[in-house]
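Visitor:
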């Protein structure tokens, strides 16, 4: 496995080998699936749409519905206007969503399709919305595509009436449906009235009911709620790379002040989320939440000697990797390699600042944005780690180097049950501390000499 | 969504892609297949690049460099489940990861630098494929010229694979892949022929190529090259020595077989190793085509032995499966045909059958195998699949990755007969495995909880 990876690190490579990112459009498609009765539409060749649906389907183990402009030679020469016109008509005729959220691809961007003007001219059925976001695959990563699509929704749908609605807007960033449920549950426990966007709860983890619907009732952020975002009093957004640009849009266009916080994984970051909610509700933190926090801390105390100074390689999308680096630091672990494929250099500084908070010297770790898993593998070949934390694609390295692995982030293609449960909040913290500790202890049991093998640990 | 409302949802434009009872040679020229999907439909179809990539991917010691933005490379990283007995270079993902500046100023320099870097850092690079994705032609990168130049410079084949997604559908991609394979082996034209075969259109999913190769070993027939399952550059270039090509996945590789016949004079036979009937017939036909009476006898003896071994097993499982109804939705027509036969052997009737890239001839054979009221679909979308599976009361769907969640949502059992199959479904071993798979899903207690 991966026998070709040389130990000698190639810092400036011309090729990306074994990427730790994918392209913008899939992020836009994922984002759009979190709006109620919304059909994501891929304006490009039909393969793009197929690939995006496949990777989402493989991660969530759910159908991921989206339509495609199905570009032909003709469209790529003469432009995709007629594809959009036909697609809008067909999508509303056949599938009848409330919203059609179009995103572009590298092809439609390169040939210069002006989707904004196409949809301005197109006939849209009464009460329906057609919107678009520009997501050229040759920029940023899927994370940028997600952020662009959020702004796309707001540009076309959000209004400021001037009458505040007394609600807090919550932008969760790229998380799983299980996380959506947890973040909403916490907001509810805190007594906050909120608009949560986008919301994949009930869409990408729809309960088994023997029905196969394109669009589920009461799932996803409704059009009315997206419209009402502009009247929210405050915005709590999570993750810089998924949510900062959409937050700035909220502030600039609708004068909604925001707090951008990290994705709340572990104790401190969940505290921060609750604190932000509390600033809004001005209510006491309920004892139920305090107890949950207590249980997480208690678990961390019980298990801490098995994880202390264990070296971890954490890789994936910038926001979730930041959050997991924080969790590892709280556990007393040593995040050794911290990697993202998303090309955002400032992320390295943010990770450094986080490491500084725990007094970890720069010489003790490597942080790198805009890189790939080939680089991570080279680092590991020079000095190995005790644990891999990240997407399924790390499993090749895990096998080649015999390193235990805990899956998190996107995509997890080879395990079941992950997206329906929480990663965030104290509950998610408990789940992941258990996963990490179990994985390390299973390895300990496997490797330990017979005379040191213990039933009680 | 109720079946009735779904029925209304079938686009007028798609009506000619669906056949119920009236036959594949209807008044309007029969089933409409092998055309592009309609804008705005939720199609299960992929693109030219996808077709090219899946055919070439199993070549184990090739460097598959995807020239384009990162997506095309990341979605096809280690997706095929095609196993290797040698190198595993193909399980990596190489991309030029084009950025905005490359789009403006052209990406060819980046590609050249990538190839140079690879040649400098890696020893023993034998073969490079460079896939040109959607925007490469649009931004004016001359990949062909670069490949020619680099082939000369490094004295290894650097092969362009022209696969912009918009230039057709997956079938076009298959042809582009086959052209690329021809480019690799053409320089070895004129080799002395011997009594041996190449296996085309098997991708060694879950080790199926190995199973088939073993059968030929049993019969005393040499297999020179497998295209492309578990193949390597060294094996590929020996392919012109063969005196017969056999084609398993007709959809992807008939074109290659035709080209090899033109260039090297190697005749070909279409075969199928799915099911006892098709496997036995195929092995015997290969022996006959080679005029090898010895091998034919061995095949007959070997197949009857295998069949006898399977019979008691099949009889045991038949009672769990008899009377159930199956829906089939697969890529190629030939596979659909084999599956219908296999289901028949289990006592399962096929009530819905569709393919993504089936040809008219395939649909005619399908029609002759199924009951008159069986629904036959070309390039079905989920709505159509759902409507007809419900209408016909299918108990199990055989399909690919995108169909799995659909089946499960409808409370219908499922068997993956595509990239995600983890156990071999070909040959006699495959009959055993396939029956177990069908039984495992159809008779699982989980369905009891579906409302």
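Residue numbers (the working numbering), protein chains in the order written: chain X, 1 to 457; chain F, 458 to 908.
Beta carbons: idealized from backbone N, C-alpha and C, even for Gly.
This structure is a prediction, so every number in the text was calculated from the model and none was measured.
Should residue 486/F be flagged as near chain X, meaning a C-beta pair shorter than 8 Å?
Guide: Because residue 486/F sits at a pLDDT of 39, beneath the cut-off of 50, its placement in the model cannot be relied upon, and the point is left open.
Visitor: Work out the CA separation of residue 9/X and residue 734/F for me, nearest whole Å.
Guide: If you take the alpha carbons of residue 734/F and residue 9/X, they lie about 54 Å apart.
Visitor: Name the residues in the region 524-550 of chain F whose C-beta lies less than 9 Å from a C-beta of chain X; which are they?
Guide: Cβ contacts with chain X: 525, 526, 527, 528, 529, 530, 531, 532, 533, 534, 535, 536, 544, 545, 546, 548, 549 and 550.
Visitor: By the 10 Å Cβ neighbour count, where 16 or more other Cβ atoms means buried, how is residue 612/F classified, buried or exposed?
Guide: Its Cβ having fewer than 16 others within 10 Å, residue 612/F is exposed.
Visitor: Determine whether the beta carbon atoms of residue 595/F and residue 658/F lie at a separation below 8 Å.
Guide: No.
Visitor: Check the Cβ of residue 182/X against every Cβ in chain F and list those closer than 7 Å, keeping chain order.
Guide: Residues of chain F passing the Cβ test: none, with the nearest at roughly 23 Å.
Visitor: Straight-line CA distance for residue 311/X to residue 334/X?
Guide: Their backbone Cα atoms lie some 5 Å apart in a straight line.
Visitor: Using a Cβ-Cβ distance under 8 Å, would residue 692/F count as near chain X?
Guide: With 8 Å as the cut-off, residue 692/F does not count as an interface residue toward chain X.
Visitor: Quick one: measure Cβ to Cβ for residue 871/F and residue 898/F, integer angstroms, because I've assumed they're closer than 8 Å.
Guide: Right, the Cβ-Cβ distance comes to about 6 Å (below 8 Å), so this counts as a contact.
Visitor: Entirely within the region 355-429 of chain X and at least 3 residues each: give me those beta strand (DSSP E) ranges in chain order.
Guide: Listed in chain order, the complete beta strand (DSSP E) runs (minimum 3 residues) inside the region 355-429 of chain X are 366-368, 387-390 and 405-407.
Visitor: Given a cut-off of 8 Å, decide if residue 42/X and residue 68/X are closer than it, judged by their beta-carbon atoms.
Guide: Yes, the Cβ-Cβ distance between residue 68/X and residue 42/X is below 8 Å.
Visitor: Under 9 Å Cβ-Cβ, which residues of chain X neighbour residue 926/F?
Guide: In the structure displayed, chain F extends from 458 to 908; residue 926/F sits before or after that span and is not available.
Visitor: Which residues of chain F have a Cβ atom closer than 9 Å to the Cβ of residue 210/X, listed in chain order?
Guide: The answer, in chain order, is 866, 867, 868, 907 and 908.
Visitor: Counting only Cβ pairs nearer than 9 Å, list the residues of chain X close to residue 494/F.
Guide: Correct list: 46, 68 and 70.
Visitor: Let me confirm a value: residue 18/X is counted as buried when at least 16 other C-beta atoms fall within 10 Å, else exposed. Which label applies?
Guide: Classification of residue 18/X: buried, given that the 10 Å Cβ count is 16 or more.
Visitor: Considering residue 555/F, what are the terminal residues of the beta strand (DSSP E) in which it resides?
Guide: Unbroken run through residue 555/F: none, as it is neither H nor E.
Visitor: Specify the secondary structure class of residue 871/F as computed by DSSP and reduced to three states.
Guide: Of the three classes helix, strand and coil, the one that applies to residue 871/F here is strand, per DSSP.
Visitor: With distances taken Cα to Cα, identify the nearest neighbour of residue 165/X among 227/X, 152/X and 412/X.
Guide: Among 227/X, 152/X and 412/X, the Cα nearest to that of residue 165/X is on 227/X.
Visitor: From the DSSP output, which residues share a beta bridge with residue 760/F?
Guide: None; residue 760/F has no bridge partner.
Visitor: Quick one: complete beta strand (DSSP E) runs, 3+ long, within the region 236-296 of chain X?
Guide: If we require 3 residues or more, the beta strand (DSSP E) runs fully inside the region 236-296 of chain X come out as 258-261.
Visitor: Mind the definition here: the region 180-187 of chain X touches the region 142-159 of chain X only if three or more C-beta pairs lie below 8 Å; say whether that holds.
Guide: With a cut-off of 8 Å, the region 142-159 of chain X and the region 180-187 of chain X do not count as touching, because too few Cβ pairs lie within range.
Visitor: CB residue 117/X to CB residue 24/X, shorter than 8 Å?
Guide: For residue 117/X and residue 24/X, no; Cβs fall outside 8 Å.
Visitor: Taking buried to mean at least 16 other C-beta atoms within 10 Å of its own C-beta, is residue 663/F buried or exposed?
Guide: Result: buried.
Visitor: Should residue 236/X and residue 276/X be called a contact, given that it needs their Cβ atoms to be closer than 8 Å?
Guide: Yes.
Visitor: Check the C-beta distance from residue 221/X over to residue 194/X and give it rounded, since I have them as a contact under 8 Å.
Guide: No, residue 221/X and residue 194/X are not in contact; Cβ-Cβ is about 11 Å, not under 8 Å.
Visitor: Spell out whether any CB of chain F is found under 8 Å from the CB atom of residue 137/X.
Guide: Cβ-Cβ to chain F under 8 Å: yes for residue 137/X.
Visitor: Three Cβ pairs or more, each shorter than 8 Å: is that satisfied between the region 694-701 of chain F and the region 648-658 of chain F?
Guide: A contact exists between the region 694-701 of chain F and the region 648-658 of chain F.
Visitor: Would you report the Cα separation of residue 541/F and residue 232/X, rounded to the nearest angstrom?
Guide: Approximately 57 Å, taken between the alpha carbons.
Visitor: For residue 764/F versus residue 737/F, is the C-beta spacing smaller than 8 Å?
Guide: Yes; because the gap between Cβ atoms is below 8 Å, this pair is in contact.
Visitor: In chain F, what lies closer than 8 Å to residue 19/X by C-beta?
Guide: Near residue 19/X (Cβ distances below 8 Å), the residues of chain F are 527, 530, 531, 534, 550, 552 and 554.
Visitor: What whole-angstrom Cβ distance do residue 317/X and residue 281/X have, given they're in contact under 8 Å?
Guide: Contact doesn't hold; Cβ gap of about 30 Å is too wide.
Visitor: In chain X, what lies closer than 7 Å to residue 623/F by C-beta?
Guide: Chain X residues near residue 623/F: 45, 71, 72, 73, 75, 76 and 107.
Visitor: If distances are taken between C-alpha atoms only, which option among 720/F, 794/F and 673/F comes closest to residue 749/F?
Guide: Checking every option, the nearest Cα to that of residue 749/F belongs to 673/F.
Visitor: Would DSSP call residue 861/F helix, strand or coil?
Guide: Residue 861/F falls in the helix class under three-state DSSP.
Visitor: For chain X, find out if any of its Cβ atoms is closer than 8 Å to the Cβ of residue 899/F; answer yes or no.
Guide: It does not: the Cβ of residue 899/F has no partner Cβ on chain X nearer than 8 Å.
Visitor: So residue 324/X packs on residue 408/X, CB below 8 Å; how close in whole Å?
Guide: Confirmed, about 6 Å.
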